[in-house]
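Below is one structure, written out as structure tokens; the observations come after it.
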Amino acid sequence: HLEDSPPDAELVRARLEGAGVPCTIQVVDTRNTYMAAINRGGIDLILSDYNLPGYDGMQALAFAREHCPEVPFIFVTGSMGEEIAVKTLRLGATDYLLKDRLERLPDAVRRAINEAESATARRQMETSLRESNELLTSVFQSSPSPIVMIDTDSRVTLWNPAAERAFGWTLDEVLGQPLPTIPDDKREEHRALRERLLKEGRLTNVEVARRRKDGSTIYINLSAAPLLKVTGEPYGFLG
């Protein structure tokens with residue numbers, strides 16, 4: 087809590103504790119002690135007066151947004167015009183309220199903390215998803231086995247380097263095109279395998295004859311699974 091008035095700092099503490107908000111408050115009253123507290127870290131929320139001797143709220147806000155942008159920042163001040171209030175929100179403040187209307191403080195603090203926790207959880211989920219996608223891409227690209235994905239119209243949506251080596255077509259040649267590896271006399275077999283996939287959920291080591299780009303035949307052990315939407319409808323197949 088950046089506040090140079092001990093009585094005002096005590097009013098804020100009493101309001102939060104009286105409302106049952108569990109908190110440990112560190113009061114700082116100068117630029118240096120404020121910066122030192124920010125640099126030490128471990129802060130869940132910043133409360134700040136706007137008018138301070140030798141240091142103002144805008145500078146405090148800018149320092150917080152630079153060094154701990156994930157920490158919510160609430161102005162608790164004696165006066166703040168509407169134009170300045172809007173500007174502080176635009177620059178990254180979470181909320182603002184006046185010292186003579188502290189009844190809103192507990193709810194503002196709870197909301198700010200909850201929103202910050204939700205944002206942190208969302209960032210963690212996004213990071214986890216990105217790392218998972220990077221891992222899957224790495225596995226897909228480095229797999230020694232051909233991996234091919236097609237949509238429900240049998241058009242190629244994924245085609246890894248091992249598939250290029252095995253069948254002769256490059257990714258650019260096949261992406262979005264009908265699967266080129268099915269010989270004309272095996273199209274009914276391909277249709278039957280798709281039906282079996284949808285019925286059984288997977289295929290394992292089914293020997294099939296396929297066509298290479300040069301027209302030669304290659305025999306492969308096919309393992310495959312349908313790709314399903316949340317509704318259970320197929321949107322493609324992975325082999």
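Number 237 in our numbering belongs to position 151 of the sequence shown; there are no gaps in the numbering.
Even glycine gets a Cβ: it sits at the ideal position worked out from N, Cα and C.
Supposed close pair residue i, residue j - CB separation, criterion 8 Å
i, j, result
"Ile236", "Ala198", "Their Cβ separation, rounded to whole angstroms, is 49 Å, which puts Ile236 and Ala198 out of contact at 8 Å."
"Tyr136", "Thr180", "About 14 Å; that fails the 8 Å criterion."
"Ser231", "Ala248", "6 Å"
"Ile268", "Arg297", "7 Å"
"Phe323", "Leu314", "Actually they do not touch by this definition, with Cβ atoms about 10 Å apart."
Nearest neighbour of residue i, chosen from the options [CA to CA]
i, options, result
"Asn125", "His153, Gly143, Met144", "His153"
"Gly254", "Val107, Gly143, Gly301", "Gly301"
"Arg190", "Ala105, Ala202, Ile129, Pro155", "Ala105"
"Gly143", "His87, Pro108, Cys109", "His87"
"Arg196", "Asn219, Gly325, Glu103", "Glu103"
"Arg99", "Ser134, Ala122, Val260", "Ser134"
"Tyr321", "Ile111, Val294, Leu283", "Leu283"
"Gln227", "Asn246, Val234, Leu221", "Asn246"
"Thr110", "Glu281, Lys272, Ile132", "Ile132"
"Leu257", "Val316, Ser165, Val234, Ser91", "Val234"
"Ser165", "Pro92, Leu183, Ala207", "Leu183"
"Lys272", "Leu221, Thr303, Asp193, Asn219", "Thr303"
"Ala311", "Arg280, Pro155, Gln145, Pro266", "Arg280"
"Glu275", "Pro266, Val294, Pro158", "Val294"
"Arg251", "Pro93, Ser229, Gly262, Asp270", "Ser229"
Assigned secondary structure, residue i (DSSP; H/G/I helix, E/B strand, else coil)
i, result
"Ile160", "strand"
"Ile132", "strand"
"Met211", "helix"
"Asn246", "coil"
"Ser240", "coil"
"Leu376", "The requested residue 376 does not occur in the structure, where the chain is confined to residues 87 to 325."
"Lys199", "Strictly speaking, residue 199 in this sequence is Ile, with Lys absent from that position. Three-state DSSP puts Ile199 in a helix."
"Ala166", "The sequence given here places Met at residue 166; Ala does not occur at that position. Reduced to three states, the DSSP call for Met166 is coil."
"Ala179", "coil"
"Gly104", "helix"
"Asp186", "helix"
"Ile268", "coil"
"Ile111", "coil"
"Asp83", "Any question about residue 83 goes unanswered here, given that the chain covers just 87 to 325."
"Val234", "strand"
"Arg117", "helix"
"Val316", "coil"
"Arg277", "helix"
"Ser218", "helix"
"Thr223", "helix"
is_contact[residue i, chain B] using C-beta, thresh 9 Å
i, result
"Ile233", "In the structure shown, chain B does not exist; there is a single protein chain."
Neighbour-count burial assignment, residue i, 16 or more Cβ in a 10 Å radius
i, result
"Glu89", "buried"
"Thr213", "exposed"
"Leu174", "For the record, residue 174 in the displayed sequence is Thr; it is not Leu. Thr174 should be labelled buried."
"Val260", "buried"
"Ala205", "exposed"
"Ile129", "exposed"
"Ala95", "buried"
"Pro139", "exposed"
"Gly127", "exposed"
Contact test: residue i Cβ vs the ligand MN heavy atom, cutoff 8 Å
i, result
"Ser309", "Here there are no bound small molecules, and the ligand MN is not part of this structure."
Open item on the list: Does the contact criterion of 3 or more C-beta pairs under 8 Å hold for the stretch 304-311 versus the stretch 281-295?
Closed with: yes
Task: Contact the stretch 115-128 vs the stretch 144-153: 3+ CB pairs below 8 Å - done: Contact holds: three or more Cβ-Cβ distances are below 8 Å.
- [ ] Check whether the stretch 161-179 touches the stretch 241-255, counting contact only when three or more Cβ pairs, one atom from each stretch, lie closer than 8 Å.
- [x] no
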